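*Asks:* Pasting in a structure now, in structure tokens, and then I'll have a few things to ask.
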Amino acid sequence: EISKDLDCAWQLVVDRLEALGKLADYEKIAPIKDWSKDRAGGPRSFKLEGF
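If you read the sequence shown in my numbering, its first letter stands for residue 1, the second for the next number, and so on.
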């Protein structure tokens, strides 16, 4: 851990899921998202002109 004064972020996530009754969801693998069908038309891109 970074410091003894800071809580472990992953432990906070697990504690929160447990409090919400969703701890079983922690180990579920989400399916791959097809961004081409998203309302934005796909993943965002950034084009810097001049390079």
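Every residue gets a Cβ at the ideal spot worked out from N, C-alpha and C, and that includes glycine. This one's a predicted model, so the numbers in the text were calculated from it and none came from an experiment.
Could you name the residues of the same chain whose beta carbon sits closer than 6 Å to that of Y26, not counting the 5 residues immediately before and after it, in chain order?
*Replies:* On the sequence shown, residue 26 is found 26 positions in, with the first residue counted as 1. Result list for Y26: L17, in chain order.
*Asks:* How many angstroms separate the CA atom of G50 from the CA atom of A30?
*Replies:* Translated into the one-based positions of the sequence shown, residue 50 becomes position 50. Translated into the one-based positions of the sequence shown, residue 30 becomes position 30. Approximately 39 Å between the Cα atoms of the pair.
*Asks:* Fully enclosed by the segment 24–48, which beta strand (DSSP E) runs are 3 residues long or longer?
*Replies:* Listed in chain order, nothing qualifies, since the segment 24–48 has no complete beta strand (DSSP E) run of 3 or more residues.
*Asks:* Is S45 near the ligand SAH - that is, is its Cβ less than 8 Å away from at least one heavy atom of it?
*Replies:* No copy of the ligand SAH occurs in the structure displayed, which carries no ligand at all.
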